[in-house]
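So that you can map any letter, position 54 of the sequence shown is 139 in the numbering used here, and since no number is skipped, the others follow by simple counting.
Built from N, CA and C at the ideal position, the CB exists for glycine as well.
Worksheet for the structure shown next.
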Amino acid sequence: MELTTELLELQDQTNQLNTALTHLLESDVELDRLNLTQRYLQKRQRQEKRSLYGDDQADEEAIEIDHSEVEMILEHYRKHVADLLSSIKRLENKVTICEKMTAINLNCARNRIMQTELKVGIAYVSLSSSLFLTFIFCWKIGHCRWRH
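The following block contains the structure:
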């Protein structure tokens with residue numbers, strides 16, 4: 086039960102990570118904010134230098150950003166997260182199967198114990214009733230050896 090809870094927490098965290106990666110890869114604006122590519126940083130430095138020297142074209146220049154390398158890395162990372170999710174689900178299924186098998190084994194053991202208790206109880210009742218009938222029979226005919 087504890088393992089299942091931890092697996093569900095891990096699966097939830099991995100789902101959140103996968104969702105965040107998907108959102109990040111779908112949004113170029115978010116990739117721009119990360120400042121991950123060297124090319125972007127270089128172009129931004131050039132733009133800042135131009136603005137310091139009073140170049141008016143610097144404000145109008147649109148920085149073209151190539152996110153292909155970053156996107157490839159993030160796609161690869163997202164693929165690994167998706168693989169991790171599927172592994173967690175398989176592990177969760179195995180844990181569930183193991184829990185069910187353990188419950189079945191415990192039920193079988195409990196049933197065997199109850200069956201043994203029932204047999205012992207039946208043997209006890211049979212023995213006590215046969216002793217009681219023997220005593221009654223001996224007492225009626227008067228040949229009971231238990232008398233002194």
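*For T99, I'd like the list of residues in its chain whose CB is within less than 8 Å of its CB, leaving aside the five on either flank, ordered along the chain.*
V166, L169, L170 and I173
_Close-in-space but distant-in-sequence residues of the same chain around N103 (CB under 6 Å, 5 per side omitted)_ = V166
*asked:* Taking the alpha carbon of E160 as the reference point, which residue from L109, N190 and V114 has its own alpha carbon closest?
replied: L109
*How would you call L93, buried or exposed, if buried means at least 16 neighbouring beta carbons within 10 angstroms?*
exposed
*DSSP three-state assignment for M86, whether helix, strand or coil*: coil
*As assigned by DSSP and simplified to three states, the class of S213*: helix
*Contact set for L88: own chain, Cβ-Cβ below 7 Å, skip 5 residues either direction*: V180
*For S172, name the three-state secondary structure that DSSP assigns.*
helix
*Tell me, to the nearest whole angstrom, how far the beta carbon of R175 is from that of L106; I am working on the premise that it is less than 8 Å.*
R175 to L106, Cβ: 21 Å. No contact.
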